[in-house]
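Here the structure comes first, spelled out in structure tokens, and everything after it is commentary.
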Amino acid sequence: MAQVCALQDPNNNAEKSYSLRPRAAGSFRREEEEEEEERPRHPRRSSKSKRKAAPLSKYRRKNANARERSRMREINEAFETLRRAVPCQDEKMTKIATLRLAMSYIAALSESLEGVPAASPATSTS
1 MAQVCALQDP NNNAEKSYSL RPRAAGSFRR EEEEEEEERP RHPRRSSKSK
51 RKAAPLSKYR RKNANARERS RMREINEAFE TLRRAVPCQD EKMTKIATLR
101 LAMSYIAALS ESLEGVPAAS PATSTS
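FYI, full-length UniProt numbering numbers position 14 of the sequence shown as 14, with every residue one higher than the one before it.
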């Protein structure tokens with residue numbers, strides 16, 4: 001009859017159990033201090049990556065602001081035109097609500113032009 005003996009690690013633990021290795025009380029602090037000494041406190045930053053963009057002149061900044069205001073005005077006018085084209089509620093709709101309503105309105109108009117009643121894909125027959 002063979003004798004079964006459990007293999008043990010240097011800490012006298014069974015093979016499948018886990019344990020921490022014994023350590024001196026102050027060694028943890030010393031390891032942290034050594035790591036801190038190795039790392040520089042303020043790593044060098046490349047001068048190219050942190051440069052600020054050259055400031056624009058007041059004239060160029062005013063022109064850029066005027067172009068942006070004009071662009072936003074055109075977008076808002078287009079949304080107002082779209083709001084007038086779709087059947088909407090009494091209150092002013094948000095831009096996303098206007099777009100969603102316009103999409104569903106276009107889909108409904110397309111279906112009515114095709115002469116096919118609106119039906120969900122699950123109920124359609126082949």
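Ideal Cβ placement from N, Cα and C applies to all residues, glycine included.
When secondary structure is reduced to three states using DSSP, residue 110 falls in the helix class. Of the candidates 64, 105, 58 and 55, the residue whose Cα lies closest to the Cα of residue 82 is 105.
Closest in C-alpha terms to residue 78, from the list 66, 103, 98 and 55, comes 98. In the three-state DSSP reduction, residue 101 falls in the helix class (H, G or I).
In the three-state scheme derived from DSSP, where H, G and I count as helix and E and B as strand, residue 82 is classed as helix. Here the alpha carbons of residue 69 and residue 94 stand approximately 19 angstroms from one another.
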